[in-house]
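Numbering (the working numbering), first residue to last: 123 to 453.
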């Protein structure tokens with residue numbers, strides 16, 4: 123990994139208490155780098171920031187059309203959701219449509235991030251199911267593709283047709299041969315790429331409406347679904363949902379574990395990828411917001427932007443005692 127640059131500062135009083143460094147790339151529709159911070163050649167796992175790429179075969183194969191999937195299901199296929207009722211009810215109904223159940227998932231159970239859903243499970247003396255997993259929408263997409271292909275049930279295995287289709291889509295979108303993969307938190311393979319490759323893929327999504335090939339049509343559909351349903355992509359209290367709502371259709375954004383963040387800007391035909399090297403989500407949220415503000419797609423004075431950009435640090439009594447700020451390099 124090349125040398126990262128300071129991207130986000132943590133101030134307490136008049137002292138710079140902590141510093142988060144990282145890498146970021148903005149790509150144009152031609153895949154060329156328009157601006158970069160740190161090393162664009164840094165190889166990373168995109169984690170959940172690339173779910174829209176993993177969902178491409180769901181659409182290009184004809185599986186989405188065959189099973190009558192609409193924009194809500196496509197948004198959920200790209201989601202890292204909170205496990206709220208608006209998410210789990212829709213994913214469960216999707217499984218019903220396939221004639222499948224929770225046991226067919228391979229993502230594992232997860233306690234909902236949504237407090238109402240979590241508390242309801244506790245009151246009912248029930249354990250979380252796999253449908254509560256933040257990746258259950260992506261896995262419902264995998265199951266749909268597997269059903270369409272007539273493939274076996276272990277769809278997360280690297281040699282399964284679903285994952286081979288995902289790899290082919292990933293390498294086509296990034297414009298790079300992936301050097302390898304790791305197993306994600308939801309048990310699916312996560313393919314490595316350079317930060318430039320990830321930003322190039324986002325730019326391909328952003329400019330998809332300029333082209334008429336099958337992959338581009340699918341990319342435009344998935345981007346449109348994310349923008350139309352920001353509440354399904356993440357949920358209340360989450361940066362993806364809040365930022366997309368504030369941008370009112372100007373961009374789709376997606377977080378990933380270990381402080382990766384991507385953005386698709388259709389009006390500007392730009393793609394953005396951010397990686398904070400220490401894995402701090404608070405820093406990736408600040409960095410992507412600063413970049414989006416710099417590109418003019420979000421008002422830095424809006425409540426959504428201010429929640430992540432120059433956000434106050436509050437102590438247990440609610441007193442402001444510091445702030446999270448973009449470093450000078452992002453200015």
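Even glycine gets a Cβ: it sits at the ideal position worked out from N, Cα and C. For clarity, every value in this text was computed on a predicted model and none was experimentally measured.
DSSP has residue 91 in a bridge; who is on the other side? There is simply no residue 91 to check, as the chain begins at 123 and stops at 453 in what is shown.
Residue nearest to residue 241 in terms of C-alpha spacing, selected from 207, 169 and 172: Answer by Cα proximity: 207.
Can you list, in chain order, the residues of its chain whose CB lies under 6 Å from that of residue 204, leaving out five sequence neighbours each side? Closer than 6 Å at Cβ, skipping near neighbours: 235, 236 and 357.
Hey, residue 367 and residue 426: beta-carbon distance below 8 Å or not? The Cβ atoms of residue 367 and residue 426 lie closer than 8 Å to each other.
When the Cα atoms are used, what is the spatial distance from residue 224 to residue 252? Rounded to the nearest angstrom, the two C-alpha atoms are 6 Å apart.
Exposed or buried, residue 247, counting other C-beta atoms within 10 Å across all chains shown (16 or more means buried)? Around the beta carbon of residue 247, a 10 Å sphere encloses fewer than 16 other beta carbons of the protein chains shown; the residue is thus reported as exposed.
Which runs of the beta strand (DSSP E), 3 residues or longer, sit entirely within the region 346-391? You should have 374-378 and 382-387.
Endpoints, alpha helix (DSSP H) assigned at residue 407: For residue 407, the enclosing alpha helix (DSSP H) stretches over residues 403-416.
Can you tell me where the alpha helix (DSSP H) with residue 448 in it begins and where it stops? Counted as a single uninterrupted DSSP element, the stretch harbouring residue 448 is not any alpha helix (DSSP H) but the beta strand (DSSP E) occupying residues 442-448.
Proximity to residue 331 [Cα-Cα], best of 214, 151 and 200: Checked all of 214, 151 and 200; the closest Cα to residue 331 is 151.
Supposed contact pair residue 361 and residue 430 - C-beta distance, whole angstroms, cut 8 Å: Between residue 361 and residue 430 the Cβ distance is about 6 Å, and since that is below 8 Å, they are a contact.
Residues in the same chain with beta-carbon distance under 7 Å from residue 412, minus the five sequence neighbours each way, listed in chain order, please. Once the five neighbours on either side are set aside, the close Cβ partners of residue 412 are 431, 448 and 452.
Based on Cα-Cα distance, which residue from 327, 306, 259 and 438 lies nearest to residue 291? Between residue 291 and the set 327, 306, 259 and 438, the nearest pair of CA atoms involves 327.
Quick check on the burial criterion: 16 or more other C-beta atoms within 10 angstroms. Buried or exposed for residue 244? The residue is exposed, with fewer than 16 neighbouring Cβ atoms inside 10 Å.
Quick one, which of 348, 417, 410 and 191 has its alpha-carbon nearest residue 129's? Selected option, being the one with the closest Cα: 410.
For residue 422, collect the residues of the same chain with a Cβ closer than 7 Å to its Cβ; drop the 5 residues on either side in sequence, then sort them by chain order. If you ignore the 5 residues before and after residue 422, its C-beta comes within less than 7 Å of the C-beta of 415 and 431, all in its own chain and listed in chain order.
Within the present structure, is the beta-carbon of residue 365 separated from the nearest heavy atom of the ligand FMN by less than 7 Å? The ligand FMN is absent from the structure shown, which contains no ligands of any kind.
Once DSSP output is grouped into helix, strand and coil, what is the label at residue 247? Judged by DSSP in its simplified three-state form, residue 247 adopts coil rather than helix or strand.
I need the straight-line Cα distance from residue 139 to residue 437, nearest angstrom please. In this model, residue 139 and residue 437 are separated by some 15 Å (Cα to Cα).
Through-space distance from residue 218 to residue 345, alpha-carbon basis: Cα to Cα, the separation comes out at about 25 Å.
Own chain partners of residue 288 with C-beta closer than 7 Å, once the 5 adjacent residues on each side are dropped: When the five nearest sequence neighbours on each side are left out, the beta carbons in the same chain lying within less than 7 Å of the beta carbon of residue 288 are those of 176 and 179, in order along the chain.
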